[in-house]
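Heads up, the working numbering is the position in the sequence shown plus 117, with the first residue counted as 1.
No residue lacks a Cβ here, since even glycine has one placed at the ideal position from N, Cα and C.
Keep in mind it's a predicted model, so treat the numbers as computed, not measured.
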Amino acid sequence: MPLSQERVAELNDLCRMFRIDVLKAVHSIQSGHPGGSLSVCEILTLLYQELMNISADKADDPNRDRLVLSKGHAAPMLYRNLIEKGFLPADSMSGLRRIDSLLQGHPSNHTPGVEMPSGPLGLGLSAAQGMAMGLRLNGSKARVYAILGDGETNEGVVWEAAMSAPKFGLSNLTAVVDYNKVQLDGTTDEIMPLGDLASKFSAFGWNVITCDGHDINALYDAFGSAKSYTVGPSVIIADTIKGKGVSFMEGKAAWHGKAIPDAELATAMKELGGEA
Numbered sequence: 118m119p120l121s122q123e124r125v126a127e128l129n130d131l132c133r134m135f136r137i138d139v140l141k142a143v144h145s146i147q148s149g150h151p152g153g154s155l156s157v158c159e160i161l162t163l164l165y166q167e168l169m170n171i172s173a174d175k176a177d178d179p180n181r182d183r184l185v186l187s188k189g190h191a192a193p194m195l196y197r198n199l200i201e202k203g204f205l206p207a208d209s210m211s212g213l214r215r216i217d218s219l220l221q222g223h224p225s226n227h228t229p230g231v232e233m234p235s236g237p238l239g240l241g242l243s244a245a246q247g248m249a250m251g252l253r254l255n256g257s258k259a260r261v262y263a264i265l266g267d268g269e270t271n272e273g274v275v276w277e278a279a280m281s282a283p284k285f286g287l288s289n290l291t292a293v294v295d296y297n298k299v300q301l302d303g304t305t306d307e308i309m310p311l312g313d314l315a316s317k318f319s320a321f322g323w324n325v326i327t328c329d330g331h332d333i334n335a336l337y338d339a340f341g342s343a344k345s346y347t348v349g350p351s352v353i354i355a356d357t358i359k360g361k362g363v364s365f366m367e368g369k370a371a372w373h374g375k376a377i378p379d380a381e382l383a384t385a386m387k388e389l390g391g392e393a
């Protein structure tokens, strides 16, 4: 059953609000990764606020769905979603990247709702594969999601996991590539051309789905297709924009790991309908 227009509007408004809160938090500490947090917003928001079987009241439920944020630098958007789901206090974003805070610069498994610490790129897909195998061995119907950056696919270990997951028929595993085409210090074409990602995953035996990574309806359909595929793992290659939602950040590598000065924050808030 498709999402209602009202629910799509609610999710889009959540994304707008989450972008505002993430940018304010990164500005406050003058440190963080705004560009990749904004590009993955709709992906994480749809999963956490609509699709995943998770609950803060049953955080250790063995049959809960799992999400591994392999592109750990997008932690601010992960945290904002965990706050919305009740895993973290409402005022937690003020602690982003501060000493002794639960909201470190990259996810820590000391943070409620975080399934795996991440930071070194490339490891998340293998870890998610292990989780998926364990759940299947235990007879659980829970699903595992791994969120990767496109620059992250430069890492060889990503392709080791890509090769082995179909061998084990892990239909409970869905990978998502946040395909924003920009990494730390340039475009993916400049740094390491990725070629045809869809064909690469398909060659290893994955069910490949491509969609607009900022379109809630398109993402909803993509995750539905992945869930209905019972032969093996699925990968969603989500076409996204680095810094999505803020015109001067969109598509710019400079905003990969750069905090926002006061004047730029005011401009961003005006575009997003927030207050600086």
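First through last residue of the beta strand (DSSP E) which encompasses residue i
i, result
"residue 294", "290 to 296"
"residue 184", "183 to 186"
"residue 355", "351 to 356"
Residues bridged to residue i [DSSP beta-bridge criterion]
i, result
"residue 266", "295"
"residue 384", "According to DSSP, which records beta bridges pairwise, residue 384 is partnered with nothing at all."
"residue 300", "303"
"residue 261", "183, 290"
Bounding residues of the alpha helix (DSSP H) (the contiguous stretch that carries residue i)
i, result
"residue 197", "192 to 201"
"residue 143", "122 to 146"
"residue 273", "273 to 281"
"residue 317", "314 to 320"
"residue 378", "Neither: residue 378 is in no alpha helix (DSSP H) and is coded neither H nor E."
"residue 152", "151 to 156"
Where residue i falls: helix, strand or coil (DSSP)
i, result
"residue 327", "strand"
"residue 211", "helix"
"residue 238", "coil"
"residue 334", "helix"
"residue 166", "helix"
"residue 361", "coil"
"residue 176", "coil"
"residue 65", "The shown model of the chain, from 118 to 393, leaves out residue 65, and the question about it has no answer."
"residue 119", "coil"
"residue 392", "coil"
"residue 284", "helix"
Nearest-angstrom beta carbon gap, residue j and residue i [assumed within contact, 8 Å]
i, j, result
"residue 355", "residue 293", "6 Å"
"residue 207", "residue 200", "6 Å"
"residue 95", "residue 349", "No information on residue 95 is available, as it lies outside the stretch 118 to 393 that the chain covers here."
"residue 164", "residue 184", "6 Å"
**Report entry** Sufficient close CB pairs (3 or more, under 8 Å) joining the segment 265 to 278 to the segment 205 to 213
**Finding:** Flag = no, the segment 265 to 278 and the segment 205 to 213 do not touch.
Requested in this report: Check whether the segment 224 to 231 touches the segment 192 to 202, taking contact to mean three or more Cβ pairs, one atom from each stretch, closer than 8 Å.
Outcome: At 8 Å Cβ cutoff, the stretches touch.
Report task. Flag this pair as touching only if the segment 369 to 380 and the segment 331 to 338 have three or more C-beta atom pairs under 8 Å; answer yes or no. Result -> The count of Cβ pairs closer than 8 Å, one atom from the segment 369 to 380 and one from the segment 331 to 338, stays below three, leaving the stretches out of contact.
Query raised in the report: Is it true that the segment 293 to 302 meets the segment 348 to 366, where meeting means three or more beta-carbon pairs spaced less than 8 Å apart?
Result: A contact exists between the segment 293 to 302 and the segment 348 to 366.
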